[in-house]
Each structure stands twice: as C-alpha cells, then as structure tokens.
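A quick write-up on the structure given underneath.
Residue numbers (this note's numbering): 242 to 842.
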C-alpha cells in the first residue's frame with residue numbers, strides 16, 4: 242500500500258530518543274527499510290534529564306545493549322567526559338559503570354550515526370495516530386495529513402504523549418521543555434482499545450557554572466582504569482571532575498514553607514512520580530529527620546557553562562528554586578539558566594504487551610521506552626533494541642528474541658513490565674534480579690553476543706573481540722585447572738589470594754590475557770560455588786518455563802482459583818506456568834492448581 246506521499250517502509254519508528262535510536266538502528270542494520278519520525282531532528286539523542294549514562298544496574302543494561310549490537314555504549318565512550326565505577330567496595334554483582342556524557346556531543350554523535358546508516362530515513366514530523374486494520378497495524382498518520390505505511394510500527398514516544406510541564410502552579414503543554422507535546426496519538430491508541438495511564442517525572446534547574454564557588458566543595462574524580470562500555474573501544478578520557486555539596490536546614494525550611502506553591506502538593510499533578518528518584522520536595526517531606534541531602538554538581542558539556550545539580554529535581558516556582566539554591570554551600574550567588582520542572586505524560590499499561598514488546602491486541606505494533614512506564618535512558622534503549630530486533634524478526638517470520646531473567650537484566654526489565662505491570666516510573670535495580678551474580682557487567686558479552694550475532698545486528702568487529710576474549714578466558718581457566726593439579730585454581734578460591742599473586746608467579750606469560758580476562762577468571766573461580774548454586778536453581782525453575790498454558794484458556798473455568806487470581810490471569814494471559822507464578826498476587830496454591838490443569842489428560 243502507498244500513502245498520499247507515496248512513502249512506504251518496512252518498519253516505522255516513532256520517536257528519536259534513546260529507545261527510538263536503538264530500535265531504528267537495529268531494524269535498519271538487520272536490513273529493513275526503516276523510517277524514524279521525530280518532532281525535532283536536532284533533538285535526536287537529547288539527554289532530557291541528567292547528563293549521565295549508566296549507574297547502579299543501568300551500567301549493566303548499557304553493556305548488554307552493546308553486546309547485542311546497540312549504539313549507546315559506543316556513543317558514551319566517544320562522548321563521555323568522566324567515567325567511574327560505582328560500588329567498588331561491594332561485591333562484583335552490584336558494581337556498576339557510570340559515565341558523565343557531554344550532552345551536546347552525545348546528541349550530535351547519535352544524529353550523525355542515524356544519518357549515516359543505510360536503510361534509514363529520518364523524517365521531522367508529528368505522528369497523530371496509528372493506522373490499524375483487522376487488528377494489525379498498517380502505518381501511521383502524520384499531522385500534515387499524510388499516511389505513511391509499513392509492515393510494523395514501533396512507538397517510542399518518551400514523555401510526549403499529552404505531555405504537560407509544571408513550574409510552580411504554571412503549566413503548559415510540551416513533550417519536554419522546548420518541544421511540542423503529542424496531543425492526538427494517545428487518543429488513537431485509546432480508540433484502538435489500549436489502556437493508558439498517567440505518570441510524572443521531573444528534572445533539576447540548570448545552573449550557570451560561572452556563578453558557582455567550587456573552592457570548598459568536595460571533588461569527585463574519574464577512574465583512569467575504567468573499562469569502556471563498548472567492546473569496540475579500548476580507551477576513555479576523563480576530562481572533568483564533579484563536585485559534591487549538600488542541602489541544609491535553611492534549604493529545607495524554604496521548601497516546606499512554599500509547599501502550597503508546589504503542583505505536586507496542591508493536587509495539580511495527577512500522575513504518579515518515581516518513588517526511587519524523588520523530587521527535593523518529596524525528600525524534605527518524607528525524610529524530615531534527615532539534616533541534609535547530597536547534591537552532585539555535574540557539567541553538562543565541555544562547550545557549555547551549564548551545570549546539572551543531580552539530586553535537586555523540583556517543580557517549585559522559579560523564585561523558590563533560586564531562593565533555596567542560594568542556601569547551599571557553593572551556590573550562594575548562583576544564577577539559574579533553565580528552571581527545574583515536572584512533566585506529566587501518558588503511558589500504555591505494559592501488561593498489554595508480549596515479551597517481544599509487541600502489543601497483544603494489535604499485531605505488528607511494538608512499544609519501547611517510557612511509553613511502557615519505565616524511567617531512564619538505559620531502560621529505554623534496552624527496550625528499543627529488543628523492539629527493533631523483534632519487529633525485524635516478525636517481518637521475517639522468525640521467532641522473537643526473548644531474553645530470560647537468568648540471561649540478562651534486559652530480560653528482568655521486560656518480564657517485570659509484562660507480568661507485574663507498573664503504576665509508577667519503573668527503574669532498574671540490581672535487587673530486581675534474582676540471579677545477579679550471573680548477570681554481572683563483566684560478562685555481558687559472554688551472555689549476549691551470540692544473540693546479537695544470530696539476530697544479524699552485532700558487527701564483525703565486536704563479535705571478533707568477544708570470541709577472542711572467550712577463547713582467552715577458557716584458555717586461562719583450563720590452564721589453572723590443570724597446572725600442578727589445580728594448585729592455583731584452589732588458591733584463588735581463598736579470599737586472601739588474588740590474581741596479582743598469580744601475575745607475580747608467572748610474570749610476562751599472563752600479559753597476553755589482559756586485566757579484563759584475569760579479573761573475569763578470578764571472579765569466576767572465587768564465586769564458583771555461588772554461581773553453581775544459582776545455576777541449579779535456574780535448572781529447577783526451567784521446568785515451569787517449559788509447561789505451557791493453553792492460549793485460549795478461560796481461567797474462569799479452572800476450579801479453585803479466586804476471583805482476584807482469575808481476573809489477573811485473564812488480563813495478563815501468561816504463556817507458561819513460570820510467567821503465571823511471577824504475576825503479583827498469584828499464590829503458590831494458584832500455581833499448583835494451574836499445574837494440575839496442565840497435567841490433566
């Protein structure tokens with residue numbers, strides 16, 4: 242079919258944020274004629290909130306995206322201005338990488354990458370609706386009156402669906418500060434029987450660095466031994482330091498005295514905000530006994546004087562923002578360049594999706610990113626690459642790529658959304674993963690590169706590096722198991738014997754393996770007992786993954802299930818006993834009843 246403009250594509254991606262970038266690059270690189278439609282082409286890859294990629298659990302997602310063949314890790318390595326590893330004093334499972342990116346350079350890198358990718362067309366426009374026929378998506382309607390057709394559509398709309406920005410009691414329609422809101426697409430989704438909800442998120446004021454006194458503030462340096470996010474990169478460069486300061490009693494009193502001007506506390510904002518990333522108003526109200534809150538002053542770009550005060554998200558009036566900022570050490574004379582604000586937006590309840598991120602009710606329509614109720618660049622990009630791969634596989638007539646919870650944080654993220662749903666912006670944490678010792682940052686390539694290669698997305702450069710690392714890992718592991726009957730293998734199990742002792746013993750012979758492989762082998766050996774126990778548990782649970790539920794089953798007909806359980810099962814439609822067991826409110830007794838039903842002759 243052809244639209245008014247005569248434009249037809251294999252896949253249309255709506256949105257040019259972090260999810261849209263990965264989705265469109267994946268679809269195009271796999272070989273499909275792809276279009277990405279975004280409201281402003283100059284804002285492709287815009288870092289709307291903080292100037293950072295990675296962080297606790299989020300760094301895991303970035304490395305997994307890279308292992309699948311995505312772009313976020315490589316872009317961060319190229320445009321990062323400070324790199325750090327977090328939680329270094331804790332166990333390897335919870336250590337995470339974080340980079341402060343140059344926001345302007347990152348955006349420019351991503352736009353250039355999309356422009357130079359074959360099979361990819363960039364279109365500046367607004368999508369007003371999806372075209373659906375016989376419960377199958379056929380394309381999109383854009384606001385200039387044209388219809389663009391495709392075999393699959395991926396919606397990655399971020400905070401743009403009926404977006405409403407709040408600064409004090411003043412509000413205006415916008416997808417984010419400076420960009421139009423998408424007004425009609427939500428209505429189109431509702432008309433096509435998708436259930437929507439309303440969420441809220443926010444950002445901090447941006448500060449003029451020339452008016453900040455850094456003299457007495459704590460410096461935070463980057464790590465020169467940081468391992469790049471991408472397999473394709475060998476080196477990173479730390480260009481700047483961050484600075485730490487704190488709120489105080491005066492700050493908190495000003496905020497408390499002006500709560501009547503807060504849209505959050507006046508009932509103006511109806512959307513539910515992120516519990517794990519609260520505004521400074523929330524922090525002061527909820528943690529009244531806390532004398533101070535930590536603030537990180539982060540430079541947004543080497544070519545700008547703007548600073549991001551991480552930890553000071555707010556929707557209070559501009560005057561109040563300036564007043565409380567000037568009570569903080571180092572900010573006594575600060576000037577605000579852009580006010581902080583909150584934004585409300587529509588999202589699609591994610592239990593309406595399959596694990597492939599295709600909607601259950603509309604064939605070939607995929608959703609990724611904040612439209613599914615998540616927060617964060619990394620969560621969005623992770624969904625984007627999966628949606629892009631699966632849209633391509635769907636057109637090919639092949640089975641979707643579905644990562645299990647024991648294979649990737651991406652698998653945990655998507656499974657949580659599909660089986661549990663969310664009523665607040667979902668953020669990834671290491672605590673959400675049952676098998677986090679298996680899902681460490683350092684082994685993301687070992688876990689996922691074969692999937693990226695099989696999907697047709699991972700390039701030869703990264704695949705070759707992965708194969709070389711895997712070969713060296715196995716070589717060193719085999720050597721340690723065999724040398725002097727495993728003497729050093731056994732010694733490495735002891736907490737007081739480290740890989741450095743081995744390097745001192747063998748000298749130059751270990752140089753060929755490199756620090757990364759030496760550390761991986763050390764972690765594997767020291768935690769082998771725990772890893773094996775987790776693998777045994779996974780093996781026991783896999784039997785439930787293999788027990789499938791009848792796709793047409795009406796759970797009302799299953800005797801012994803409560804009304805609440807029936808309602809949830811009929812709404813989410815789990816495919817296996819394992820999926821059913823992870824749904825909130827599904828009791829062990831209900832799982833037993835379902836097992837009996839499956840085993841009935």
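All residues carry an ideal CB built from backbone N, CA and C; glycine is no exception.
Predicted model only: the values in this text are computed from it and were never measured.
A straight-line Cα-Cα distance of about 14 Å links residue 349 and residue 543. It is roughly 6 Å from the alpha-carbon of residue 624 to the alpha-carbon of residue 260. Judged by DSSP secondary structure, residue 723 falls within the alpha helix (DSSP H) whose first and last residues are 701-723. If you look at residue 680, you'll find it isn't in any beta strand (DSSP E); DSSP assigns it neither H nor E. Using a Cβ distance threshold of 7 Å, residue 557 and residue 580 do not count as a contacting pair. Nearest to residue 769 by C-alpha distance, out of 722, 790, 784, is 722. In terms of Cβ geometry, residue 574 and residue 533 do not form a close pair [threshold 7 Å].
A distance below 7 Å separates the beta carbons of residue 766 and residue 733. In its chain, beyond the 5 residues on either side, 389 have a beta carbon closer than 7 Å to the beta carbon of residue 248. Distance between residue 416 and residue 616, taken at the CA atoms: about 15 Å. Exclusion of the five residues before and after residue 730 leaves 721, 722, 766 as the residues of its chain whose Cβ lies within less than 7 Å of its Cβ. DSSP places residue 259 inside the alpha helix (DSSP H), whose first and last residues are 259-271. The continuous beta strand (DSSP E) containing residue 339 extends over residues 337-342. Looking at the DSSP output, residue 579 sits in a beta bridge with 447. Fully contained in the stretch 405-438 are the following beta strand (DSSP E) runs of length 3 or more, in chain order: 405-408, 411-414. Per DSSP, reduced to three states, the secondary structure at residue 398 is coil, with no helix or strand assignment. By the Cβ-count criterion, residue 411 is exposed, with fewer than 16 other Cβ atoms from all chains shown falling within 10 Å of its own Cβ.
Residue 253 sits in a strand when the DSSP states are folded into three classes. The DSSP-derived three-state label of residue 684 is helix. In this chain, residue 329 is not harboured by any alpha helix (DSSP H), its DSSP state being neither H nor E. Between residue 788 and residue 824 a beta carbon distance of about 15 Å is seen, past the 8 Å cut, so the two are scored as non-contacting.
DSSP places residue 248 in the coil class of the three-state scheme, outside both helix and strand. With contacts defined by Cβ atoms closer than 7 Å, residue 291 and residue 420 do not form a contacting pair.
A contact between stretches requires three or more CB pairs, one per stretch, nearer than 8 Å, and the stretch 308-325 fails this requirement with the stretch 364-380. Beta-bridge annotation (DSSP): residue 587 is paired with 439. For the pair residue 593 and residue 638, the Cα-to-Cα distance works out to about 22 Å.
Residue state for residue 333 is assigned as helix, using DSSP reduced to three classes. In the three-state reduction of the DSSP assignment, residue 372 falls in the strand class. Spanning the alpha carbons of residue 690 and residue 321 requires a straight line of approximately 24 Å. Apart from the 5 residues on each side of it in sequence, residue 385 sits with its Cβ closer than 8 Å to the Cβ of 366 in its chain, given in chain order. Each residue's CA atom was taken as its position, placing residue 286 and residue 473 some 20 Å apart. Residue 612 places its beta carbon 7 Å or farther from that of residue 426.
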